[in-house]
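When we follow this note's numbering, the leftmost residue of the sequence shown carries the number 74, and every step to the right adds one. No residue lacks a Cβ here, since even glycine has one placed at the ideal position from N, Cα and C. Encoded as structure tokens, the structure appears first; notes follow it.
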Amino acid sequence: MTKIDNTIITRCQKGDKDAFRSLVETCQGMVFSVALKMLADEEEAKDIVQETFLRVWLNISRYDSRRSFSTWLYAIVSRLCLDHLKSRAHIVAIPEDESVLRRYASADGQLELENREWVAIVRLLAEGLSPKQRLVFTLSKLEGLSSEEVEEVTGLTAKQVKSNLYVARQTIRERLMNMGYE
């Protein structure tokens with residue numbers, strides 16, 4: 074994610090709507106990417122993006138500038154996705170192509186996800202992983218956060234992060250082996 078200028082955050086904390094618009098434009102690709110990877114549904118991901126930025130707007134005055142803004146934002150979107158997964162009772166729908174992601178390219182024009190591998194990953198994540206395992210795997214392996222950042226975002230201990238990541242990788246590895254990949 075692009076680094077957010079502290080002056081934009083300060084302006085947002087003072088209620089500057091133009092600064093907030095800039096913040097949304099800068100961060101919406103990352104937020105959508107996380108939500109889509111977690112939920113595997115474009116419409117639900119869009120709803121989570123809207124809810125995330127609503128929460129950011131309502132709570133930015135409480136943001137502690139000593140913390141990383143991106144970590145704070147990851148925590149918001151992650152909690153919303155987890156809550157949504159826990160309440161969702163229907164089967165996950167898997168997008169069939171990359172056209173969805175092309176509409177949510179990052180500000181510099183690069184796609185958040187480069188190829189069709191994300192479809193296979195989402196399929197594996199959607200089946201057999203608990204919401205926590207899915208979240209830890211998504212943040213760590215798909216979003217590239219460090220273990221410490223995953224701990225901060227999720228509120229899990231280092232041992233819990235390691236355990237959830239281990240189980241997620243084992244489950245995915247077993248599924249790949251069952252599909253004939255080694």
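The beta carbon of K205 sits closer than 7 Å to those of N237, all from its chain and outside the five residues before and after it, given in chain order. Ranked by how close their Cα comes to the Cα of G102, the residues D91, A92, E115 have E115 in first place.
Between the region 218-231 and the region 142-152 there are three or more C-beta pairs closer than 8 Å, enough to call the two in contact. A straight line joining the alpha-carbon of E200 with that of L127 spans about 30 Å. When C-alpha distances from N132 are compared across I82, R242, K76, F210, the shortest belongs to I82.
Secondary structure of T230 (DSSP, three-state): coil. Our two residues, A108 and C100, have alpha carbons roughly 12 Å apart in a direct line. E247 has its alpha-carbon roughly 45 Å from the corresponding atom of S134.
Excluding its 5 nearest sequence neighbours in each direction, T211 has C-beta neighbours in its own chain below 6 Å: K110, M111, listed in chain order. Nearest neighbour of T80 by Cα position, chosen from E216, F142, V226, turns out to be F142. A check of alpha carbon separations from V209 across Q123, S160, L155, D78 identifies L155 as the nearest.
Boundaries cannot be given for E216, as no alpha helix (DSSP H) includes it and DSSP labels it neither H nor E. Distance from the CA atom of S106 to the CA atom of Y136, rounded to whole angstroms, is 22 Å.
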